[in-house]
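> So the sequence lines, in the order shown, correspond to chains A and B. In short: position in the first sequence from 1, add 140, done, that's the numbering used here. In short: position in the second sequence from 1, add 140, done, that's the numbering used here.
There are 2 protein chains.
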Amino acid sequence: MNDTFLKACRGEKTDYTPVWLMRQAGRYLPEYQKVRSKVDFLTLCKTPELAAEVTIQPVDILKVDVAILFSDILVPIEPMGMKLEFSESKGPILYDPIRNDIAVSKLRKIKSEEDVPFVMEAIKILVKKLNVPLIGFSGAPFTLATYMIEGGSSKNFINTKKMMFQTPDLYAKLMDKITDTVINYLQAQIDAGVHAIQVFDSWAGILSPYDFERYALPYVQRIVSTFKGKVPVIYFAFNGSAMLKKVKQSGADVLGIDWRIDISDAVNSLGNDVVVQGNLDPCVLFGTKDLIREGVSQILQGAKGAKGHIFNLGHGILPETPVENAIAMVEAVHELSAK
Amino acid sequence: MNDTFLKACRGEKTDYTPVWLMRQAGRYLPEYQKVRSKVDFLTLCKTPELAAEVTIQPVDILKVDVAILFSDILVPIEPMGMKLEFSESKGPILYDPIRNDIAVSKLRKIKSEEDVPFVMEAIKILVKKLNVPLIGFSGAPFTLATYMIEGGSSKNFINTKKMMFQTPDLYAKLMDKITDTVINYLQAQIDAGVHAIQVFDSWAGILSPYDFERYALPYVQRIVSTFKGKVPVIYFAFNGSAMLKKVKQSGADVLGIDWRIDISDAVNSLGNDVVVQGNLDPCVLFGTKDLIREGVSQILQGAKGAKGHIFNLGHGILPETPVENAIAMVEAVHELSAK
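1. Determine which residues of the region 292-315 of chain A have a Cβ less than 9 Å from any Cβ of chain B, and write them out in chain order.
2. For P349 (chain A), return the contacting residues in chain B, with the cut-off set at a CB-CB distance below 7 Å.
3. Does DSSP classify V199 (chain A) as helix, strand or coil?
4. On the DSSP bridge list, what partners appear for S342 (chain B)?
5. Express the C-alpha separation of E290 (chain B) and T321 (chain B) in angstroms, rounding to a whole number.
6. For V199 (chain A) and A382 (chain A), what's the separation of their Cα atoms in angstroms?
7. List the whole-angstrom C-beta distance separating P372 (chain A) from T319 (chain A), where the pair is believed to meet the contact cut-off of C-beta under 8 Å.
8. Look at the alpha carbon of N240 (chain A) and the alpha carbon of K317 (chain A), and state the distance between them as a whole number of angstroms.
9. By the 9 Å beta-carbon criterion, what residues does the region 421-440 of chain B contribute toward chain A?
10. Nearest to F451 (chain B) by CA position, among B:E152, B:Y156, B:M141, is which residue?
11. At what residues does the alpha helix (DSSP H) containing Q327 (chain B) begin and finish?
12. Output yes or no for whether 8 Å exceeds the beta carbon distance between A332 (chain B) and K264 (chain B).
13. What residue from A:F297, A:D405, A:V244, A:I208 has the CA that sits closest to V267 (chain A)'s CA?
14. Could you check the C-alpha separation between V204 (chain A) and G369 (chain A) for me, to the nearest Å?
15. Contact between the region 378-398 of chain B and the region 304-316 of chain B: three or more CB pairs below 8 Å?
16. Output the boundary residues of the beta strand (DSSP E) element that contains Y375 (chain A).
17. Quick check on the DSSP output: the alpha helix (DSSP H) that includes P349 (chain A) runs from which residue to which?
18. Could you name the residues of the region 376-387 of chain A whose beta carbon sits closer than 9 Å to any beta carbon of chain B, in the order they occur along the chain?
19. Could you name the residues that DSSP lists as bridge partners for I275 (chain A)?
20. For the candidate residues A:M141, A:T154, A:G276, whose alpha-carbon lies nearest to that of V415 (chain A)?
21. Just checking: is the beta-carbon of L234 (chain B) within a distance shorter than 8 Å of some beta-carbon in chain A?
22. Note down, in chain order, each residue of its chain lying with its Cβ closer than 8 Å to the Cβ of R167 (chain A), except the 5 sequence neighbours on either side.
23. Measuring CA to CA, which of B:A285, B:I196, B:L184, B:D180 is closest to E228 (chain B)?
24. Using the C-alpha atoms, what's the distance from H474 (chain B) back to L420 (chain B)?
25. By the 8 Å beta-carbon criterion, what residues does the region 212-235 of chain B contribute toward chain A?
26. Please give the ranges of any beta strand (DSSP E) in the region 420-460 of chain B, keeping only runs that are unbroken, at least 3 residues long and fully inside the region.
27. Would you be able to state if there are at least three C-beta pairs under 8 Å between the region 333-347 of chain A and the region 360-369 of chain A?
28. How about E171 (chain A): is its C-beta nearer than 8 Å to some C-beta of chain B?
29. Nearest to A191 (chain B) by alpha carbon, out of B:V206, B:I201, B:D212, B:L202?
30. Buried or exposed: which applies to G482 (chain B), given that a residue is buried once 16 or more other Cβ atoms fall within 10 Å of its Cβ?
31. When the cut-off is 8 Å and only beta carbons count, does E460 (chain A) lie next to chain B?
32. Let me make sure I understand the geometry here. Which of A:T300, A:V424, A:V407, A:S245 has the alpha-carbon closest to that of I457 (chain A)?
33. How should M260 (chain A) be labelled, buried or exposed, when 16 other C-beta atoms within 10 angstroms of its C-beta is the threshold for buried?
34. Which same chain residues end up closer than 8 Å to I330 (chain B) when comparing Cβ atoms and leaving out the 5 residues on each side of it in sequence?
35. Using 8 Å as the limit for Cβ to Cβ distance, is G345 (chain A) near chain B?
36. Just to confirm my understanding: we take R433 (chain A), look at its own chain, exclude 5 residues before and 5 after, and list those with CB closer than 8 Å. What are they?
The following block contains the structure:
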């Protein structure tokens, strides 16, 4: 197995900088579109053979150094007791948003092997087939809470912040339940064979650093400390680039960095005892190959002071991205970082 | 006239920290709603007496230390030759988005006194009536360009970045035209009597620091250098907290700071030769009065090392905000900062 990614996670020297792309299995690939045309999004997540198939596609096509399970961060929320739907226009919808004690009390703590067996089955297929490591993942508790409280995505997250600010005990009760679910879910993925885990805090950046520390970070710390030393743990607090010192307090082995910060500034802020992952603006993949190569080169240079570097985009690859440009990015990373 | 705000802009000592709220004239005020119920949004912007009336409302109700002209950043875009509409559900719509050389060439450079006379008339009414200074404003060129290229708001701004990355000369031609318009528009506002100007770069934060420096900053620098020394210039690069050193290169007297950074970290990054404005999370106004007071206190403390501090939210006040909490915030700033 190509272990460059896992070595980089541990801060060990590698022959070149490993690379993958957030959302690398997905809509920009015609091969994905073909599979997806047969089933809806949630069915794709719940069918192990198909989820495994689209997970492998970018490894073959882009030659990335690691696979990430095809799934959605909201998958474990459904068995907690919320009806989930993916609307083409509105994105995810969670019916009957959680806004009071009765609703929080009703939420179940999931048993992953029984409630979402398809995830573990997909992982078992993948670890047999892949020649690169496999990343398992979960949404971070705060991000999952925003979806559950808002009932989907949101512009200003007023309901979430109202619960935080007005009824902090209720908020903590909800977060504890979600954190238990996340820990159970990630443990089941590790038991099934994933080699590393990433915790996606997609909405951490709507919090002030002070509120992040109070209302999001402690729950991430509980997750990271549970798995630390077992498998590499990656934590990605999207839009958190102006509070990286607090993000580092998560204790994660690897920190995802979005494209809003010069990666050399991120490394300066974080120090040389943590691995960084990132951080090309996904839109650079709409530019010329020269521009992509220039962007890759800058980031490789900028990350040199870190304990280690895993190249990635600063956010998920966009559906309209030309596949050849994603390939060009991966090639540029491999070529420019090779000794 | 209460000149506390203007003194703070210049970095002079003040008896207390001046305060205002972005979007302080607007939907959270029943008094605004009453005026707005008679006319649509764009008509309100274009009717000097009504625009002046709603501009004054928050000064009377909240006791803020400065007024900001009620208008919209897209107002000068319409006479450049784009049809503008405000949809209750979708926000601003600009028809026939600008995506090629013919479209850029067709855009007019506006003559503010002829094209948007209502803005200057509102300012003239206001400077007679107000007992606090008046801020004039404009969108920053990059932010205006995103609306013109996308045809409204956007999720990923792919069309804007495509133009930047694929046809940089065309992008520069568009930006030059917009910058000329902004300079003409702000000059007309100053001639009509505004005491300070704010340049809103609401979408600067979608750019990497590298692209901000290349595709947005030079145009802001041209605007700031035009007005520097004439009236205080405030520059607000929203979601730019991880690249404040570059934002500072704008040369503005005052920098707006959003809530994603601890203001003491912002001051550490910026140094003690620039005034900061910000940065309470607008959602804190949904909390208790104790929480609001605590948030105000932290920010006042954190900003102490700066050349000066103007208290504000880190983004616009939200429509659902309880007015009494906005009043409590202003009172807390005045009380806690007074010597």
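We treat Cβ as the ideally placed atom computed from N, Cα and C, and that holds for glycine. This structure is a prediction, so every number in the text was calculated from the model and none was measured.
Inspection of the coordinates gives the following:
1. N296, F297, I298, T300, K301, K302, M304, F305, Q306
2. As a position in the first sequence, residue 349 (chain A) is number 209, starting the count at 1. The answer, in chain order, is I401, D402.
3. Residue numbering aside, residue 199 (chain A) sits at position 59 when the first sequence is read from its first letter. Looking at V199 (chain A) - three-state DSSP - the assignment turns out to be helix.
4. Here the question's residue 342 (chain B) lines up with position 202 in the second sequence. For S342 (chain B), which the question treats as bridged, DSSP gives no partner whatsoever.
5. Position 181 of the second sequence, counted from the start, is the residue given in the question as residue 321 (chain B). Position 150 of the second sequence, counted from the start, is the residue given in the question as residue 290 (chain B). Going from the Cα of T321 (chain B) to the Cα of E290 (chain B) covers about 19 Å.
6. On the first sequence, position 59 is the one that residue 199 (chain A) refers to. On the first sequence, position 242 is the one that residue 382 (chain A) refers to. A straight-line Cα-Cα distance of about 32 Å links V199 (chain A) and A382 (chain A).
7. For this step, residue 372 (chain A) is matched to residue 232 along the first sequence. For this step, residue 319 (chain A) is matched to residue 179 along the first sequence. That pair is no contact at about 20 Å.
8. One-based indexing of the first sequence puts residue 240 (chain A) at position 100. One-based indexing of the first sequence puts residue 317 (chain A) at position 177. Whole-angstrom Cα-Cα distance: 14 Å.
9. D421, P422, C423, V424, F426, G427, T428, L431, G435, Q438
10. Here the question's residue 451 (chain B) lines up with position 311 in the second sequence. Of B:E152, B:Y156, B:M141, the residue nearest in Cα terms is B:Y156.
11. Position 187 of the second sequence, counted from the start, is the residue given in the question as residue 327 (chain B). Looking at the DSSP string, the run of the alpha helix (DSSP H) that includes Q327 (chain B) is 308-332.
12. Against the second sequence, residue 332 (chain B) aligns to sequence position 192. Against the second sequence, residue 264 (chain B) aligns to sequence position 124. For A332 (chain B) and K264 (chain B), yes; Cβs fall inside 8 Å.
13. Within the first sequence, the letter at position 127 stands for residue 267 (chain A). Closest option to V267 (chain A), Cα to Cα, is A:I208.
14. Numbered from its first residue, the first sequence carries residue 204 (chain A) at position 64. Numbered from its first residue, the first sequence carries residue 369 (chain A) at position 229. Cα to Cα, the separation comes out at about 25 Å.
15. Touching, no.
16. To locate residue 375 (chain A), count along the first sequence from 1; it is residue 235. Element bounds for Y375 (chain A): 373-377.
17. Position 209 of the first sequence, counting from 1, holds the residue named residue 349 (chain A). Residues 349-355.
18. Residues of the region 376-387 of chain A with a Cβ closer than 9 Å to any Cβ of chain B, in chain order: N379, G380, S381, A382, M383, L384, K385, K386.
19. One-based indexing of the first sequence puts residue 275 (chain A) at position 135. Beta-bridge pairing links I275 (chain A) to A:I208, A:A336.
20. Residue mapping note: residue 415 (chain A) aligns to position 275 of the first sequence, counting from 1. When only C-alpha atoms are compared, the closest one is A:T154.
21. Sequence index remark: in the second sequence, residue 234 (chain B) carries index 94 (1-based). So no, L234 (chain B) is outside the interface.
22. On the first sequence, position 27 is the one that residue 167 (chain A) refers to. So the list reads Q173, R176, P459, once near-sequence residues are dropped.
23. If you number the second sequence from 1, residue 228 (chain B) lands on position 88. Comparing Cα positions, the closest option is B:D180.
24. Locating residue 420 (chain B) in the second sequence gives position 280, counting from the first residue. Locating residue 474 (chain B) in the second sequence gives position 334, counting from the first residue. Spanning the two alpha carbons is a distance of roughly 15 Å.
25. Answer in chain order: no residues at all.
26. 448-453
27. yes
28. Taking the first sequence and counting its residues from 1, the one referred to as residue 171 (chain A) is at position 31. Taking Cβ atoms only, chain B never reaches closer than 8 Å to E171 (chain A), which makes this a no.
29. Counting from 1 along the second sequence, the entry for residue 191 (chain B) is found at position 51. Ranking B:V206, B:I201, B:D212, B:L202 by Cα distance to A191 (chain B) puts B:D212 first.
30. The first residue shown for chain B is 141 and the last is 479, placing residue 482 (chain B) beyond what the model contains.
31. Within the first sequence, numbered from 1, the residue matching residue 460 (chain A) stands at position 320. Yes, contact with chain B.
32. Translated into positions along the first sequence, residue 457 (chain A) becomes position 317. Among A:T300, A:V424, A:V407, A:S245, the Cα nearest to that of I457 (chain A) belongs to A:V424.
33. Translated into positions along the first sequence, residue 260 (chain A) becomes position 120. With 16 or more other CB atoms across the displayed protein chains lying within 10 angstroms of its CB, M260 (chain A) is buried.
34. Counted from its first residue, the second sequence places residue 330 (chain B) at position 190. The beta carbon of I330 (chain B) is closer than 8 Å to those of G276, I337, F367, K370, V371 in its chain, skipping five residues each way along the sequence.
35. Within the first sequence, residue 345 (chain A) is the residue found at index 205, counting from 1. By this cut-off, G345 (chain A) is an interface position.
36. Taking the first sequence and counting its residues from 1, one reaches residue 433 (chain A) at position 293. Contacts found: A468, A472, L476.
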